[in-house]
Amino acid sequence: MPPHLSTRRQLLAATAWAAISISSASADTITRRLPWRPAEAYPPEPARPGPWLFFTADEAATVEAIVDRLVPADELGPGGKDAGCAVFIDRQLAGPYGRNDGLYMEGPFPSNALATQGLQSPLTPREQYRQGLAALTRACREAYGGRVFPQLSAEEQDRVLASMEKGELELHEFDSKMLFGAMLANTMEGFFADPIYGGNRDMCGWKLIGFPGVRYDYREMLDRPNQAYTRPPVSLQGRPDWNRNRT
Amino acid sequence: MIRLASKDVVVIGLGWTGSILSYELARSGLSVVAIERGPWRDTASDFNITTAPDELRYAIRHDLFLRPQQETQTARNTPDQVALPIRRWGSYLPGNGVGGAGVHWNGHTWRFMPSDFVLRTHLVERYGEGFLPANSTIQDWGITYDELEPYYDRFEYLAGISGKAGNLKGQIQEGGNPFEGPRSREYPTPPMRMAHSQQLFEKAAKSIGLHPFPLPSANLSQAYTNPYGVRLGPCTYCGFCERFGCANYSKASPQTCVLPALVRMPTFEARTNCEVTKINLTPDGKHATGVTYVDTQGTEWEQPAELVLLCAYALFNVRLLLLSGIGKPYDYQRGVGVVGRNYCYQTNASCTLFFEDQRINPFVGAGSLGMTADDYNGDVFDHGQHGFIGGANMNCNTYNGRPITYRPVPPGTPRWGSAWKRATAENYNRAIALGTQGSSYAYRDCYLDLDPTYKDRLGRPLMRLTFDYKENELKMSRFVVDRLAEIGKVMGAKQIVRNQRSAPWSVVPYQTTHNTGGAVIGSDPATSVVNRYAQCWDVPNVFVTGACLFPQNAGYNPTGTVGALTYWTADAIRDRYLRNSGQPLVRP
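Below, the structure is given as structure tokens:
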């Protein structure tokens, strides 16, 4: 964590256990007044433009090709790549999500877990992507005469993804359904999460469906049942035209 | 271990019940220390309007919830399976930090029906003993609705609940719920204004003879100052309620209702980021001497106290009882013991309605924006011909139009690609979700105990949860969902999709954070952990709060009843227990 973000509350917002290992934060005693300090708030860290933080160039090319098939560009709007879904996934994997921070990751990890028992893999999302993408590249090379996923035609790419979705694609020592599930969930997160995290560029995901974002007050709509909401969407960082006006 | 100076009262967990009891007892002049394992949280800094409406951070990455790394449960469906840890929250979402789950709840604030409190007696009288499901362990509460009524009232006035009474002192009121128990007075604030979906639902339900009414809401319809002198603002229908803190001070929570008044009490003190690991007992195990807790540096502290109040989340209260050796652990094989017995959940299901010509605007929502009908809840209707017991409320609630999680498409739509994109764009503004919140009754083989394998970071066993939906509950749920679909048809949906509840229970998809039982209230020490005042039978200076007290769960969300029981206990401690400290209030 960068030093400028190490405020009292952020250290303490970690679990007691995590805090033991990262800092000398100590427990707080609150008495007589609310522990309020002016201008204290905890904004998320915006995804910054720039080079890939987690993916290699080859991995990034594969992920960009995949997100663009999961959310294709068409007359309804941009596809996953232009929406920034690959950047979103890269930044998420580089952060705490990629390490499974906060999850219960103590063993044993039996291989015969029931589907109703949920996540039982010891792999972190970073490991899933690294190993899974390598296995996918190898499988594509073998099946498509040396070509890798980004070099396949759109139809071929869709066939590969569909067989991963069903768990039919044989990957060397990797569950293709698990990889597909992670990529589909993360792509949708990237397409519809606040743009501050690197995806949903220009709020294209929100515009697709008509979600106005973080306006936080819709009382006016109670007077207009069954009518469309016409104000443009707003994100945690405002709207592009606000920022243009500012510069 | 460092031993601290003794306090009159130590409170474990500073959520709804811990903050109310702290306030009520500190006001009586007792010294109170509340020990909370998460951080302090307040509106201005932690649910700031510039950061609060963030679906990824809060709803998906679970920023406000307890980290499973700190404590989780193992889960299985039947006693012959091997339970495995819930590594990432799914089916339910325990809160963390000051305010507990009262920070991120939706705000449905119900009273249970009078018959719910005498459930076994009522059902046996009406249908006969043989009508109860096999292996069920349904029982009465040992406390009645009439006794709790003044305490429901106090909690509703603390929280400023927005609603319309349906039964005032026995007189049925137009526009309210005609099936509810009698109330001594109207709700403190009028119902929320309804959106388009609720208007469609209300009209349709009425036209087929049902009795729709506004969902009692902790998202306030107008500004309100509560009896503690704390002021709440009106809800703005922002659509970021469940899983989020409220930046508007409009959702009743410990932050908006209790804490500003509580911290001013000179005899009150809170310690945050400190986790209680054990309630300490005298060598004979009959009296608590205080608690042991560990701070963020791993230092152990002993906090002696005259009175110990267990105010953590239901599941964590039960685990602390088990880890502390208070009460006899439930033994499923022999059907004896009490701690962990009668674990219940909730049986929820839904219908998705797709329209051609309606503009729904699902983002115009609030946690408790809804119309509800109780015509098939509890024992309002005759179950004789149906072959099941229990029921569910039927509702049209608009609380989540947030697009990572809410993207309704008709069945058969692909999960990705062009067809997915088109269907997602077409249906987002044209779908309505209707829901049922159903009862979950107790069975001999649904229970909580300590896991033999998995441990927390301090080396203590995790709690093991053994649960599945039973045929009685599934039958009830299918019946009510069919009634719900009839409303949807009258509403004019072109397509109605029934999302039926089915077994086995899975830890993965979110279902409800209404885990109940395990430390139940009752009049018989052989089938309850605490007496009717929520005082431990075995250790009289320990009181327990929360939904772990419920012998079985009704067709409603639990918080209203949790709040009522908390005030009931506060009065019992102040007016009865303290006159003769250390003594049981009920002789078995």
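Protein chains in written order, with my numbering: chain A, 1 to 247; chain B, 1 to 588. Note that beta-carbon positions come from the ideal geometry of N, C-alpha and C, so glycine has one too.
Contact with chain B by A/Arg-33, beta-carbon distance below 8 angstroms: yes
Within chain A, partners of B/Pro-260 - CB distance below 9 angstroms: Leu-34
Where the region 198-228 of chain A meets chain B: residues whose CB sits under 7 angstroms from a CB there: Gly-205, Trp-206, Leu-208, Ile-209, Gly-210, Phe-211, Pro-212, Val-214, Tyr-216, Asp-217, Tyr-218, Arg-219, Met-221, Leu-222, Pro-225, Asn-226, Gln-227 and Ala-228
Coil, strand or helix - B/Trp-537 by DSSP: coil
Residues bridged to B/Gln-171 (per DSSP): B/Leu-168
Any chain B beta carbon closer than 8 angstroms to A/Thr-230: no
Sub-8 angstroms separation of A/Gly-205 and B/Pro-68 beta-carbons: no
Residues that B/Asn-646 contacts on chain A, provided the C-beta gap is smaller than 8 angstroms: Residue 646 of chain B lies beyond the stretch modelled for chain B, which goes from 1 to 588, so this question has no answer here.
Under 8 angstroms by beta carbon: chain D residues contacting B/Phe-381: Of the chains in the structure shown, none is chain D; the protein chains are A and B.
DSSP state of B/Gly-365 mapped onto helix, strand, coil: strand
Buried versus exposed call for B/Val-336 [16 or more other C-beta atoms within 10 Å across all chains shown]: exposed
Interface residues of the region 457-487 of chain B facing chain A [CB-CB below 7 angstroms]: Arg-457
With 16 other Cβ atoms within 10 Å as the buried cut-off, status of B/Asp-140: buried
Cβ of B/Arg-185 within 8 angstroms of any chain A Cβ: no
For B/Val-507 and B/Ile-60, believed in contact at Cβ under 8 angstroms, the rounded distance: Rounded, the Cβ-Cβ distance is 17 angstroms, inconsistent with contact.
DSSP-derived helix/strand/coil call for B/Pro-85: strand
Amino acids of chain A, ordered along the chain, whose beta-carbon sits closer than 8 angstroms to that of B/Thr-50: Ala-41, Pro-43 and Leu-236
For A/Glu-75, the nearest candidate out of B/Ala-419, B/Val-562 and B/Leu-450 (CA to CA): B/Ala-419
At least 3 beta-carbon pairs within less than 8 angstroms: the region 394-401 of chain B vs the region 309-324 of chain B: no
Other residues of its chain near A/Thr-15: CB distance less than 8 angstroms, five sequence neighbours each side excluded: No answer about A/Thr-15 holds up, because its pLDDT of 42 lies below 50 and its placement is not dependable.
Three-state class that DSSP yields for A/Glu-254 in the structure shown: Only positions 1 to 247 of chain A appear in this structure, which leaves residue 254 of chain A out of reach.
Residue-level contact to chain A via CB, B/Glu-302, 8 angstroms cutoff: no
Neighbourhood of B/Gly-239 by C-beta, 6 angstroms cutoff - its chain only, sequence neighbours within 5 removed: Phe-363, Gly-365 and Gly-401
Residues near B/Gly-160 in its chain [Cβ-Cβ closer than 8 angstroms; skip 5 each side]: Pro-188, Thr-189, Ala-218, Leu-220, Tyr-224, Asn-226, Leu-232, Ala-252 and Cys-257
At least 3 beta-carbon pairs within less than 8 angstroms: the region 510-517 of chain B vs the region 220-233 of chain A: no
Continuous alpha helix (DSSP H) stretch holding A/Lys-177: start and end: 176-192
Range covered by the alpha helix (DSSP H) that runs through B/Tyr-313: Taken as a continuous stretch (DSSP letters only), B/Tyr-313 belongs to no alpha helix (DSSP H), as it is neither H nor E.
Exposure label - B/Gly-176; buried when at least 16 CB within 10 Å: buried
Contact under 8 angstroms by Cβ, B/Ala-433 with B/Pro-551: no
Alpha-carbon spacing of B/Leu-465 relative to B/Ala-101, whole angstroms: 20 angstroms
Own chain, CB closer than 7 angstroms to B/Asp-42, minus 5 neighbours either side, in chain order: Gln-255
Contact check, B/Gly-142 vs B/Arg-532, beta carbons under 8 angstroms: yes
CA nearest to the CA of B/Phe-244, picked from B/Glu-55, B/Asp-575, B/Leu-14 and B/Ser-115: B/Glu-55
Whole runs of the alpha helix (DSSP H) within the region 116-199 of chain B, excluding any shorter than 4 residues: 119-127 and 145-159
Any chain B beta carbon closer than 8 angstroms to A/Glu-189: yes
Touching by the beta-carbon criterion (3+ pairs, under 8 angstroms), the region 64-81 of chain A and the region 184-200 of chain A: yes
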